[in-house]
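Under the numbering used here, the first residue of the sequence shown carries the number 1035, and numbering increases by one thereafter. Comments concern the structure below.
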Amino acid sequence: MVQTAMKEEAVRLPELCERVEKGERVVFTFGGKQFALIEAEDLEFFEALEDERDCRLIEEAMKEPGEIPFEEIKKKYGYSE
């Protein structure tokens, strides 16, 4: 796995993309946070996993008894019209 600072490697982006294409993992550090360079196919896979998890959580929530008034939800999440 390649770990590097973004400012040091931005000029090598095409080379790093080729390495990702060959299966290598590339992680950048930017602003103290880590970011990964991945293929679009991998992104689609992770998004599908996320969608699957969201559906499972929704199904679990739907099984819970009772109702929550919409006004309570808006208040909880700081939504105002």
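Each residue gets a CB set at the ideal place from its N, CA and C atoms; glycine is no exception.
Open item on the list: Measuring straight from C-alpha to C-alpha, what distance separates G1100 and D1076?
Closed with: Reading the sequence shown from its first residue, position 66 is the one you call residue 1100. Reading the sequence shown from its first residue, position 42 is the one you call residue 1076. Roughly 39 Å separates the two Cα atoms.
Open item on the list: Can you give me the C-alpha to C-alpha distance between K1056 and F1079, rounded to a whole angstrom?
Closed with: Mapped onto the sequence shown, residue 1056 falls at position 22. Mapped onto the sequence shown, residue 1079 falls at position 45. Spanning the two alpha carbons is a distance of roughly 17 Å.
TODO: Mind checking who L1071 pairs with in its DSSP beta bridge?
DONE: Stepping through the sequence shown from its first residue, residue 1071 is reached at position 37. Paired residue(s): V1060.
- [ ] Please state if the CB of E1052 and the CB of V1036 are separated by a distance shorter than 9 Å.
- [x] As a working mapping, residue 1036 is identified with position 2 in the sequence shown. As a working mapping, residue 1052 is identified with position 18 in the sequence shown. No, they are not a contact pair.
Task: Chain-order list of residues whose beta-carbon lies under 8 Å from that of A1070 (same chain, five-residue window excluded) - done: Locating residue 1070 in the sequence shown gives position 36, where the first residue counts as 1. Answer for A1070: R1059, V1060, V1061 and F1062, listed in chain order.
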